[in-house]
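A.B. asks:
Numbering (our numbering), first residue to last: 2 to 140.
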């Protein structure tokens, strides 16, 4: 390059996860109604004597979870529709391949029949020549 080396800068681009990756939705599980001995999770470091101050997920968090679930449902619906579309295309292509395969089979059978007929014609020609030769010798 005339102006010396050129340094290319690349911009980092934020990439959102694919709809399939959004399927891992975290759910809030309330252990307070289950066995009291299993109330404490491995991430909870408070003493067992103190009651928990959290009564559950906040309203905002519940809304976000609802949106995530709606997003997952729409992603699943879109993926299901795409799978159905691809299956229809696959069936159509299988049918096309089947028709082509049948045509090839018919052509191959026709060619092998023609080859058998050609061999038969050569045999007839050969034996006709042999008979003609015998007739010429006999005369």
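Idealized CB from N, CA, C, for every residue including glycine.
Residues in its own chain within less than 6 Å of residue 134 by CB, not counting five upstream and five downstream?
C.D. replies: none
A.B. asks: Only counting runs of 3 or more residues, tell me where the beta strand (DSSP E) segments fall wholly within the region 66 to 128, in order along the chain.
C.D. replies: none
A.B. asks: Compute the Euclidean distance between the alpha carbons of residue 88 and residue 110, then round it to the nearest angstrom.
C.D. replies: Roughly 32 Å between the two C-alpha positions.
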